[in-house]
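Positions 1 to 449 (UniProt numbering) are the ones given, in order, by the sequence shown.
A virtual CB, placed ideally from N, CA and C, is assigned to each residue, including glycine.
Here the structure comes first, spelled out in structure tokens, and everything after it is commentary.
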Amino acid sequence: MHGRADDGNTNTRPTATGRITLAVSALFLLLAIYPPSLLTHVNRPPMESSIAAAATSVVVRTSVPAVVFMPSLSSSSSSFLSRPALRTGRRRAFRCSSSSSSVVAKQDSAISSAAALYCRLDDKLFMSPEVFQWESGKSLNAIASAQGIQIRRRCRARYPSEGTGAERAVPRNILEQIIWDKEVEVSQRKARTPLSDVKAAAAAGLAPPPRDFLAAMRAARHRNGGGVPALIAEVKKASPSKGLLRDHFDPVEIAQAYEKNGAACLSILTDEKHFQGSFENLEAVRNSGVNCPLLCKEFVIDVWQIYYARSKGADAILLIAAVLPDIDITYFLRVCKSLGMTALVEVHDEKELDRVLKIDGVELIGINNRSLGTFEVDTANTNMLLEKRGDIIKKKRIQVVSESGLFTPDDVAYVQNAGVFAVLVGESLVTQEDPGQAIAGLFGKELLP
1 MHGRADDGNT NTRPTATGRI TLAVSALFLL LAIYPPSLLT HVNRPPMESS
51 IAAAATSVVV RTSVPAVVFM PSLSSSSSSF LSRPALRTGR RRAFRCSSSS
101 SSVVAKQDSA ISSAAALYCR LDDKLFMSPE VFQWESGKSL NAIASAQGIQ
151 IRRRCRARYP SEGTGAERAV PRNILEQIIW DKEVEVSQRK ARTPLSDVKA
201 AAAAGLAPPP RDFLAAMRAA RHRNGGGVPA LIAEVKKASP SKGLLRDHFD
251 PVEIAQAYEK NGAACLSILT DEKHFQGSFE NLEAVRNSGV NCPLLCKEFV
301 IDVWQIYYAR SKGADAILLI AAVLPDIDIT YFLRVCKSLG MTALVEVHDE
351 KELDRVLKID GVELIGINNR SLGTFEVDTA NTNMLLEKRG DIIKKKRIQV
401 VSESGLFTPD DVAYVQNAGV FAVLVGESLV TQEDPGQAIA GLFGKELLP
């Protein structure tokens, strides 16, 4: 019998209306437990909250995830149920089961019922246990270390297992110092300009339309023939290893000279503290009438940076495998694709290359010839990696860019013979009196614009 029996039997099942009433009651109870301002239901990509949290040390992290992911059936965007840590110190978490669509809640039944009303499952990747560990923040460096990533994020006192004493407070190499500084910078930028505002600025119709980075390089190779690598010429004022590279630095003037002398694409440094670059330089070059697609040469640790780069006119973005775990690279590739951007995924050694080759959606790999620890350069790195993994790269139809250490026509010929698609060159051009004319000196001939 449905509903309540006349004889007062309390063991019968409630009606459909009764079940709805119970669910609504659960929601009211939930709102009674938490103020409405603490319970939000918004649309975000599934990893957005974790990447956002990773960029700041002031975000409260608990030992369990504070988010219920609900990936959309139509895209990588999702809804989430968010709750700050309780003052009582109790830790609660929700997890959506990819097999049964059930919600396992370390919480009272009221919140469990409310979470169940929202939970929709689709994306196995972002529902994996690894994601929940990553979201919690506890495994921030542990997951990265398990993948062979040696560049740590800033250690937090909350998790002493991440390091002790001086080891916790001192970066181990230049790149790690850059990343620690970048976390502070991104946190401050996001405080001034929230992600929602940056997304709106990057939306179609507001930002300059994205240009095809790969197509521009293919066109340059076709113009110059003979397998000559396409040139990504870098607009670069300084570097940590060499200091100031150019006293008179006009990014627009340099960019125009590069384009006039045959550069296929341009790379614009945007890191301020270590390279004296800026997003203002990127925006100025984009608005100057230069037609070459632009790579935002940034140390990306947060999805905010990708949207911000797009809003300033970037057509491509750099993703560094030495810094980003596979799950971040995968997510960032999705974001780039949704924005019409190309991702240049940079590797330094065989382990990083093997990781990247297992990730779907990679179209362009940069092999950096510069050592992470010492910043010393050896162009043999490109040839060695292509000799070992060239067949796999070719099978996957991935194009390769050789980066760093290219100063002479012999250097270019060396990596050209290894089969690179393009070269990224900055220092050997920007240090010359006329960076544009220096291109002919680098290649041993003039490139057709």
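Asked	Found
According to DSSP, is Lys-394 part of a helix, a strand, or is it coil?	helix
Does Leu-244 pass the burial test, meaning 16 or more other C-beta atoms within 10 Å, or should it be called exposed?	exposed
What are the complete beta strand (DSSP E) segments, minimum 3 residues, inside the segment 261-330?	265-269, 294-297 and 316-320
Does the Cβ of Val-430 have 16 or more other Cβ atoms within 10 Å, making it buried, or fewer, making it exposed?	buried
Ala-202: buried (16+ other C-beta within 10 angstroms of its C-beta) or exposed?	buried
Using the DSSP secondary-structure output, state which residues sit across from Leu-231 in a beta bridge.	Val-423
Quick one: residues in its chain with C-beta nearer than 7 Å to the C-beta of Gln-305, no 5 flanking neighbours on either side, listed in chain order?	Val-186 and Glu-298
For Gly-205, which residues does DSSP report across the bridge?	For Gly-205, which the question treats as bridged, DSSP gives no partner whatsoever.
Between which two residues does the alpha helix (DSSP H) carrying Glu-183 extend?	174-192
How is the alpha helix (DSSP H) around Val-412 delimited, first residue to last?	409-418
Return the chain-ordered list of same chain residues with a C-beta closer than 6 Å to the C-beta of Tyr-307, the five sequence neighbours on each side being excluded.	Val-198, Lys-199 and Ala-202
Just to confirm my understanding: we take Thr-270, look at its own chain, exclude 5 residues before and 5 after, and list those with CB closer than 8 Å. What are they?	Gly-277, Ser-278, Phe-279, Asn-281, Leu-282, Cys-296, Lys-297, Glu-298 and Ala-309
Using three-state DSSP, classify Gly-366 as helix, strand or coil.	strand
Check whether the Cβ atoms of Phe-213 and Ala-316 sit closer than 8 Å, and answer yes or no.	yes
Rounded to a whole number of angstroms, what is the C-alpha to C-alpha distance between Asp-391 and Ile-179?	33 Å
Which same chain residues end up closer than 7 Å to Pro-171 when comparing Cβ atoms and leaving out the 5 residues on each side of it in sequence?	Gln-177 and Trp-180
Below 8 Å CB to CB, which residues in the same chain sit around Gln-399 once its five sequence neighbours on both sides are set aside?	Leu-214, Met-217, Glu-363, Leu-364, Ile-365, Phe-421 and Ala-422
Ser-402: buried (16+ other C-beta within 10 angstroms of its C-beta) or exposed?	buried
Relative to the C-alpha of Ser-241, which residue among Leu-206, Gly-444, Ile-232 and Leu-372 is closest?	Leu-372
Whose CA, out of Phe-375, Arg-211, Leu-266 and Val-356, lies closest to the CA of Asn-173?	Phe-375
Sorted by chain position, which residues of the same chain lie with C-beta nearer than 8 Å to Leu-339's C-beta, five sequence neighbours on each side aside?	Ala-202, Pro-210, Ile-306, Tyr-307 and Arg-310
In the DSSP assignment, the beta strand (DSSP E) including Glu-433 goes from what residue to what residue?	Taken as a continuous stretch (DSSP letters only), Glu-433 belongs to no beta strand (DSSP E), as it is neither H nor E.
Of all the options Leu-442, Pro-435 and Gly-441, which has the alpha carbon lying nearest to the alpha carbon of Arg-246?	Pro-435
Within the same chain, show all residues whose beta-carbon is closer than 6 Å to that of residue 456, passing over the 5 residues directly before and after it, in chain order.	Residue coverage of the chain in this structure runs from 1 to 449, which leaves residue 456 outside it and unanswerable.
Label Thr-193 either buried or exposed according to how many other C-beta atoms from any shown protein chain fall within 10 Å of its C-beta, with 16 as the threshold for buried.	exposed
Please confirm whether Asn-261 and Leu-447 have their CB atoms less than 8 Å apart.	yes
Can you give the Cα-Cα distance for Gly-148 and Glu-346, rounded to whole angstroms?	15 Å
Helix, strand or coil: which one does DSSP assign to Thr-382?	helix
On the criterion of 16 or more Cβ atoms from any shown chain inside 10 Å, does Arg-221 qualify as buried, or is it exposed?	buried
Write down the C-beta distance between Gln-416 and Val-228 rounded to the nearest angstrom, noting that I regard them as a contact closer than 8 Å.	7 Å
Output the boundary residues of the alpha helix (DSSP H) element that contains Leu-214.	213-224
Beta-carbon within less than 7 Å of Glu-350's beta-carbon, same chain only, minus the 5 sequence neighbours each way: which residues are those?	Leu-385 and Lys-388
Starting from Glu-350, follow the alpha helix (DSSP H) in both directions and report where the run begins and ends.	350-357
What's the C-alpha gap between Gly-302 and Ala-438?	Checking the sequence shown, residue 302 turns out to be Asp, not Gly. Between Asp-302 and Ala-438, the C-alpha separation is close to 35 Å.
For Leu-442, report the span of its alpha helix (DSSP H) as first-last.	438-443
Under 8 Å Cβ to Cβ from Ile-393, same chain only, skipping five residues before and after it: list those, please.	Leu-357, Ile-365, Leu-386 and Val-400
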